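Each number in the working numbering corresponds to the 1-based position in the sequence shown with 726 added.
C-beta: ideal position from N, C-alpha, C; glycine also.
Predicted, not measured: the structure shown is a model, and the values here were computed from it.
So the structure is just underneath, and the comments pick up after that.
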Amino acid sequence: MQYDPIKRILGDVFNQTPFLRRIFYHLLDLLLLRAWHVHKELKAWAVTRKEKEQYILDAGSGFGQYTYFLTSMSNKWSVLAVDVKEEQVSDSNRFFRAIDRQNVVFRIADLVQFRQPNSFDLVLSVDVMEHIEEDVQVFKNIHASLRSGGMLIISTPSDQGGSDVHSGDESSFIEEHVRDGYGIQEIHGKLQRAGFRRVEARYSYGKPGQVSWRLSMKYPLQMLGVSKIFFLLLPFYYLVTFPVCLLLNWMDVNGNHASGTGLIVKAWK
């Protein structure tokens, strides 16, 4: 399935007013399990930093929902959000100007080439690396762009069924992925090769999360891929599945998983 056309449809719907875009962000935060895991890591990182100036790179910002979350946490932080898609960068700049967020700017940039030495205290990369073939080069660029002691947080599919791939003859549910997922040792080794001194990784999307992902994302996306008319049915679908997904997400983010289809990775310079 191609994800980009569906994202364009969602953008057309929710970009009409700043109010609708805020609603969209809140819906993503509730429905997307990866947002639960990423928010958990960001809150832990922020404990001693909310009153300090911090410089943050949102590396592959997409719709801008994580930049919105970060800039909501502290007005002392400055965020540079970059993405290769000009349309999403333009939409995000308009939205953040409309809500008068002065501590953020969105720019078009290719992470394979982007490097801003010794500039950032935190780099966030959410569901980006599975789209980039030259991943080690990106890790090297991020390492160079971090300040000493700075941290990188990554959310990405794992090789334990990430991208809904469970055997060698299956293909990724999302066609834009260039890899189905990372093994823990694989991404650990690549980050060390890029220069990171310490790496930690844990599984996300354990059994509760996998059920939640199918209910909240896979099945609705499949329906939308068939016809736009399913937009009319989505409110009724989520009326039934939403409470179940919330419970499953809570179980996943508060559990420890021996395996999972997602990875949360942290690396320090």
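Own chain, CB closer than 8 Å to T967, minus 5 neighbours either side, in chain order: L941 and S942
Spatial neighbours of Q936 in its chain, beta-carbon cut-off 8 Å, leaving aside the 5 residues before and after: G887, G986 and T987
Alpha carbon of S897 to alpha carbon of D861, nearest angstrom: Below a pLDDT of 50, predicted positions are generally treated as unreliable, and S897, at 45, falls in that range; the measurement from the model is reported next regardless. Looking at the two C-alpha atoms, the distance is approximately 20 Å.
Backbone secondary structure at E777 - three-state DSSP: coil
First and last residue of the uninterrupted alpha helix (DSSP H) at S942: Note, S942: premise wrong, no alpha helix (DSSP H); not H, not E.
Same chain only: Cβ atoms within 7 Å of N867, ignoring 5 sequence neighbours per side: L837, F840 and R841
Nearest to N835 (by Cα), restricted to the options Q814, I825 and L848: Correcting the residue identity first, residue 835 is Ala in this sequence and not Asn. A835 has its Cα closest to that of Q814, out of Q814, I825 and L848.
Residues near N801 in its chain [Cβ-Cβ closer than 7 Å; skip 5 each side]: N829
Candidates V808, F822 and R905, of which the one nearest E859 by Cα: R905
Closer than 7 Å to chain D by CB, A807: Chain labels in this structure do not include chain D; a single protein chain is all it has.
Selected residue, minimal CA-CA separation from I910, among S881, N819 and S816: S881
I913 and V854 closer than 7 Å at C-beta: no
Limits of the beta strand (DSSP E) - the one that F846 falls within: F846 to V852
R747 in three-state terms, based on DSSP: helix
Residues near N925 in its chain [Cβ-Cβ closer than 6 Å; skip 5 each side]: According to the sequence displayed, residue 925 carries Val and not Asn. So the qualifying residues of the chain are H914, L917 and A993.
Element boundaries [alpha helix (DSSP H), containing T797]: Q791 to M799
Simplified DSSP assignment, three categories, for S818: helix
Neighbourhood of K755 by C-beta distance below 6 Å, restricted to the same chain and skipping five residues each side: Before going further, note that residue 755 is Asp rather than Lys in the sequence given. Answer for D755: A761, listed in chain order.
Residue interval of the beta strand (DSSP E) (run including A993): G988 to W994
Cβ-Cβ distance between V831 and A785 below 7 Å: no
Rounded straight-line distance, which links the Cα of Y792 to that of S845: 19 Å
Residue from Y964, A927 and S798 whose Cα sits closest to the Cα of E777: S798
Simplified DSSP state of R919, which is helix, strand or coil: helix
Whether H763 touches S884 by CB criterion (7 Å): no
Alpha carbon of R919 to alpha carbon of L758, nearest angstrom: 31 Å
A807, buried or exposed, once every other Cβ within 10 Å from all chains shown has been counted against 16: buried
Range covered by the beta strand (DSSP E) that runs through S884: Premise fails: S884 is in no beta strand (DSSP E) and is neither H nor E.
Secondary structure of L837, DSSP reduced to three states: coil
Inter-residue spacing [alpha-carbon to alpha-carbon] between Q948 and G788: 21 Å
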